[in-house]
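In this note's numbering, the protein residues as written are 1145 to 1554. Glycine included, C-beta positions come from ideal geometry on N, C-alpha and C. Since this is a predicted model, take the numbers as computed values, not measurements.
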Ligand code: NIG
Ligand code: FE
């Protein structure tokens, strides 16, 4: 079935992937077969050593495609109103991201547009942005709030994230990012806003089942280390894992703080210090690299890849899709940029969008690897070798995507 006809079907009507998959090659290029049962990978092995009874199963021919785990996009701000092409033009004229933010643009301008949008309108615009990611093999995605900055609007964003999961058959992890920016009505009262985040917004949204993790933008144009810690304490009191937008524009010491709270991940980290690396290594915190934001902001401070590698910090790679600093809808392009700009190796980039990305979302037990018992989320690629996934850009060499046990795309 071609892509358009497949995606025109509601997810629940797309064909089951249950059965025996042959004609596949693993990431090492070796022939591989899989069986899928009830939406899980039931067996994997060599095609000449199929399990008993495999011959009677429905048959799916991979046509010689390379198979990888479904991709995981572990840091996105996918749900928002409007767009910010005007700021792109301002930056082209010489303004910096910080100058745009201080001039009333930036995150706060998307907050205005998000507050004005209805839940249905946000669902429609986010669905349209989700589609190319799904078509490219993304099977699990993180979606942050943080453009509402008031209880009803943060709720609206997180409800849309949950609706996207149900409607499109994709695993969504929601992250509450109420502490993304100071809303204009709290200008000069940042402590009061953090009180609201910790005492009202987070507990209410958690009680509604809308929060899988909690994030803060710890930066001189956003929230201080002390304010960040207050949000982490509130998260911890509710048993929620934390993550952090850390050391993107300056070294605030956020990563070490996040590591003390057992953070799932620290993200951006261009200005991460050796002490921050050591703290993350000790805590098992994932470093999420966001080359799309680095590229858009024409950043020149590279994240400390060699230090992270030496310390054994797992590195993930994500789109950071957002309307300000990374209006990017291709995780494959981020693999390319992680290699070209940050000098990751291809296996590192591959792990960065699968196993380590799953870990950054607390999904290690179910996602990110093609092993028995995991969700039947995998991608068949029309490529000769795995390196092509990072090598091409502006290309989508997908043959088909199996998501949640269904042939979802292609
Ligand atoms: O991840 N760093 C903060 N948040 C976003 C940018 C959000 C925006 O500019 O709208 C990021 O880059
Ligand atoms: Fe972000």
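Quick test of your reading: residue i and residue j, contact by CB under 8 Å. State the CB separation rounded to the nearest angstrom.
i: residue 1476; j: residue 1533; result: 6 Å
i: residue 1178; j: residue 1168; result: 7 Å
i: residue 1375; j: residue 1341; result: 6 Å
i: residue 1359; j: residue 1288; result: 6 Å
i: residue 1306; j: residue 1515; result: Their Cβ separation, rounded to whole angstroms, is 28 Å, which puts residue 1306 and residue 1515 out of contact at 8 Å.
i: residue 1498; j: residue 1210; result: Contact doesn't hold; Cβ gap of about 13 Å is too wide.
i: residue 1279; j: residue 1503; result: Residue 1279 to residue 1503, Cβ: 25 Å. No contact.
i: residue 1500; j: residue 1284; result: With a Cβ gap of about 13 Å, residue 1500 and residue 1284 do not count as contacting.
i: residue 1349; j: residue 1320; result: 6 Å
i: residue 1192; j: residue 1282; result: Actually they do not touch by this definition, with Cβ atoms about 32 Å apart.
So what's residue i in DSSP terms, helix, strand or just coil?
i: residue 1459; result: strand
i: residue 1382; result: coil
i: residue 1339; result: helix
i: residue 1477; result: helix
i: residue 1145; result: Unreliable positioning characterises residue 1145 in this predicted model, as indicated by a pLDDT of 49, which lies under 50. The coordinate reading is nonetheless provided below. Coil at residue 1145, not helix or strand.
i: residue 1286; result: strand
i: residue 1185; result: strand
i: residue 1228; result: coil
i: residue 1244; result: helix
i: residue 1551; result: strand
i: residue 1193; result: coil
i: residue 1538; result: coil
i: residue 1249; result: coil
i: residue 1465; result: strand
i: residue 1483; result: helix
i: residue 1158; result: coil
i: residue 1508; result: coil
i: residue 1470; result: strand
i: residue 1151; result: helix
i: residue 1443; result: coil
i: residue 1255; result: helix
Who are the near neighbours of residue i in its chain, counting only those whose CB is closer than 7 Å to its CB and skipping five residues on each side?
i: residue 1263; result: 1300, 1303 and 1304
i: residue 1419; result: 1400
i: residue 1336; result: 1330
i: residue 1531; result: 1490
i: residue 1406; result: 1427
i: residue 1213; result: 1498, 1512, 1513, 1514, 1521 and 1522
i: residue 1526; result: 1209, 1541 and 1543
i: residue 1206; result: 1165, 1166, 1167, 1168 and 1524
Keeping to the same chain, check which residues put their C-beta closer than 8 Å to that of residue i; ignore five residues upstream and five downstream.
i: residue 1197; result: none
i: residue 1246; result: 1365
i: residue 1394; result: 1363, 1364 and 1415
i: residue 1260; result: 1225
i: residue 1549; result: 1160, 1161, 1162, 1180, 1182, 1183, 1184, 1519 and 1520
i: residue 1241; result: 1235, 1250, 1393, 1441, 1468 and 1469
i: residue 1369; result: 1362, 1396, 1397, 1398 and 1401
Grab me the residues of residue i's own chain with a C-beta within less than 6 Å of its C-beta, minus the 5 sequence neighbours each way, in chain order.
i: residue 1464; result: 1219, 1434, 1436, 1437 and 1470
i: residue 1181; result: 1162
i: residue 1371; result: 1338
i: residue 1145; result: With a pLDDT of only 49 at residue 1145, under 50, the local geometry of the prediction cannot be trusted, and no value is derived from it.
i: residue 1311; result: none
i: residue 1309; result: 1316
In the DSSP assignment, what residue or residues form a beta bridge with residue i?
i: residue 1412; result: 1390
i: residue 1213; result: 1522
i: residue 1165; result: 1178 and 1204
i: residue 1367; result: 1362
i: residue 1317; result: 1286
i: residue 1218; result: In DSSP, residue 1218 forms no bridge with anything.
i: residue 1350; result: In DSSP, residue 1350 forms no bridge with anything.
i: residue 1430; result: 1409
i: residue 1545; result: 1523 and 1553
i: residue 1323; result: 1360
### Query
With a cut-off of 8 Å, do at least 3 Cβ pairs link the region 1475-1494 to the region 1190-1209?
no
### Task
May I ask you to verify whether the region 1447-1456 touches the region 1396-1411, counting CB pairs closer than 8 Å and requiring at least 3?
no
### Query
Looking at C-beta atoms only, is the number of pairs between the region 1226-1235 and the region 1443-1452 that lie closer than 8 Å three or more?
no
### Query
Pairing CB atoms from the region 1230-1239 with CB atoms from the region 1542-1551, are three or more of them under 8 Å?
no
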